[in-house]
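For what it's worth, my numbering labels the leading residue of the sequence shown as 43, then goes sequentially. As structure tokens, the structure follows; a few thoughts come after it.
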Amino acid sequence: MPGDAGPPSTRSSRPWDIEYSRCTPVTRRDECCGPPGSRRPESCTPSHVTRRANENPRLVEAVRQRIRDSGPITAADLEQRVDKLGSWWSWDDGKVVLEHLFHRGEVVVVRRKRDFTRLYDLPERVLPASALDAPTPTEAEARKELLAIAARSMGVATLEDMADYHRQWRPRSSKPLVAELVEEGVLLPVTVEGWTKPAYLHRDAKLPRAVDARALLSPFDSLVWHRDRNERLFDFHYRIEIYTPAPKRVYGYYVLPYLLGDRIVGRVDLKADRPAGVLRVQGAYAEPGVDTAAAASPLIEELRLMAEWLELDIVASADRGELAEALRRAGRPRLEQDHSE
Numbered sequence: 043m044p045g046d047a048g049p050p051s052t053r054s055s056r057p058w059d060i061e062y063s064r065c066t067p068v069t070r071r072d073e074c075c076g077p078p079g080s081r082r083p084e085s086c087t088p089s090h091v092t093r094r095a096n097e098n099p100r101l102v103e104a105v106r107q108r109i110r111d112s113g114p115i116t117a118a119d120l121e122q123r124v125d126k127l128g129s130w131w132s133w134d135d136g137k138v139v140l141e142h143l144f145h146r147g148e149v150v151v152v153r154r155k156r157d158f159t160r161l162y163d164l165p166e167r168v169l170p171a172s173a174l175d176a177p178t179p180t181e182a183e184a185r186k187e188l189l190a191i192a193a194r195s196m197g198v199a200t201l202e203d204m205a206d207y208h209r210q211w212r213p214r215s216s217k218p219l220v221a222e223l224v225e226e227g228v229l230l231p232v233t234v235e236g237w238t239k240p241a242y243l244h245r246d247a248k249l250p251r252a253v254d255a256r257a258l259l260s261p262f263d264s265l266v267w268h269r270d271r272n273e274r275l276f277d278f279h280y281r282i283e284i285y286t287p288a289p290k291r292v293y294g295y296y297v298l299p300y301l302l303g304d305r306i307v308g309r310v311d312l313k314a315d316r317p318a319g320v321l322r323v324q325g326a327y328a329e330p331g332v333d334t335a336a337a338a339s340p341l342i343e344e345l346r347l348m349a350e351w352l353e354l355d356i357v358a359s360a361d362r363g364e365l366a367e368a369l370r371r372a373g374r375p376r377l378e379q380d381h382s383e
């Protein structure tokens, strides 16, 4: 969130870190190819990482040695001159090599710093023996299990949806694995009205009688990360505007979708103003047909939770968006009007 990298007390509660859909929580069984410290399949490794690492074997070995000698490091720690290489390590070079070693299982991520920078170290220094000694499945076995996990998590999904869930970069290569899951009865082919591609339902999928959900979603949440699926499921058009020039932004710099029940009913543009101790709601927008009065009260509770997590004292709302007036009416006297603009 602009103006903040998270609450001051943020610390990872896990001894390792895996990147799939950016901020998606994962468990050990979700990893691309077995336990922490094991090698990930090529389908989960960006091709530019593999290519650049293969072009610089001396740099790769130098980074390995640096970690052995110095312990946990970040990519920024590698931005220095190394005599035996006779050249400069840029941040980009160091980051690529560390990602290469990470995907090969030669390093793990100990934790993230306040700015979300990863700290890398050797697996044997971080992980328990039970994790290091756990058997590693074949690439096909691992990818097949990941597809099954994705299907169970997503409810109904296309092949592309399931492959994207764990960032398997070549969906077409997953087609035979999905066929095996169908043959084994793990996946059931289904038809979804309005969808142009075949869909699948996990055999353990459950249809709840009601959905009592309420959340402000990160732009990188797995529910909204896959933009095409997002539009198919929720009819919700969402794009991150961080890199869009300010005059061309539609909703704002850092906009979080607002989930209420089984619908995404709106979005809010938030800014953590830490010097003032204020969570600023710079815009609050409703989707077409949404009852803004009904959506406002639960949204205020989510905003207060967000402010508490960021250790901010006040939530202040500006006069921008269809939800702004409803927020002020529902939030009085504890929701302040933002006069900072």
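The beta carbon of each residue, even a glycine, is placed where N, CA and C say it ideally should be.
Backbone secondary structure at residue i - three-state DSSP
i    : result
W130 : Its pLDDT being 42, under 50, W130 is placed unreliably in this model, and the value from its coordinates should be taken loosely. If DSSP states are grouped into helix, strand and coil, W130 belongs with the strands.
D111 : helix
S260 : coil
Y280 : coil
P218 : helix
G294 : coil
K4   : Nothing can be reported for residue 4, as the shown portion of the chain is limited to 43 through 383.
R309 : strand
G373 : helix
R322 : strand
A255 : coil
V149 : coil
L341 : helix
P78  : Here P78 scores only 45 on pLDDT, less than 50, and its place in the model is too uncertain to base an answer on.
Y300 : strand
A366 : helix
L243 : strand
V266 : helix
R316 : coil
V232 : strand
D119 : helix
A328 : strand
L161 : strand
R154 : strand
Option nearest residue i by Cα separation, candidates the options
i    : options                : result
E364 : L143, G236, P330       : P330
R346 : L369, A336, R362, H268 : L369
A247 : A318, V228, D263       : V228
G113 : A104, F158, R167       : R167
Y285 : Y295, A173, D315, Q324 : Y295
L223 : A171, A182, L174, M348 : A182
M204 : V149, I115, P317, S264 : S264
F276 : I306, L259, H268, A288 : I306
E226 : G319, K186, R108, V91  : K186
G308 : A318, I282, P287, F278 : F278
A199 : A171, P287, S216, V234 : V234
L174 : V149, E367, T180, G236 : V149
G136 : L169, F262, Y162       : Y162
L164 : E367, S260, H90, R108  : R108
CB contact flag (residue i, residue j, <7 angstroms)
i    : j    : result
T334 : A328 : yes
S339 : A360 : no
H142 : A95  : yes
L101 : V139 : yes
Y280 : V292 : no
L201 : V232 : no
L321 : V297 : no
G319 : L352 : no
T159 : T116 : yes
Any C-beta of chain B under 7 angstroms from that of residue i
i    : result
L229 : This model lacks chain B altogether; it includes just one protein chain.
Inter-stretch contact at 8 angstroms, needing at least 3 Cβ pairs: the region 189 to 204 / the region 142 to 156: no
Are three or more beta carbon pairs between the region 247 to 258 and the region 296 to 304 nearer than 8 angstroms? yes
Could you tell me which whole beta strand (DSSP E) segments of length 3 or greater appear in the region 165 to 202? 198 to 200
Given 8 angstroms, three or more beta-carbon pairs between the region 192 to 204 and the region 233 to 247: yes
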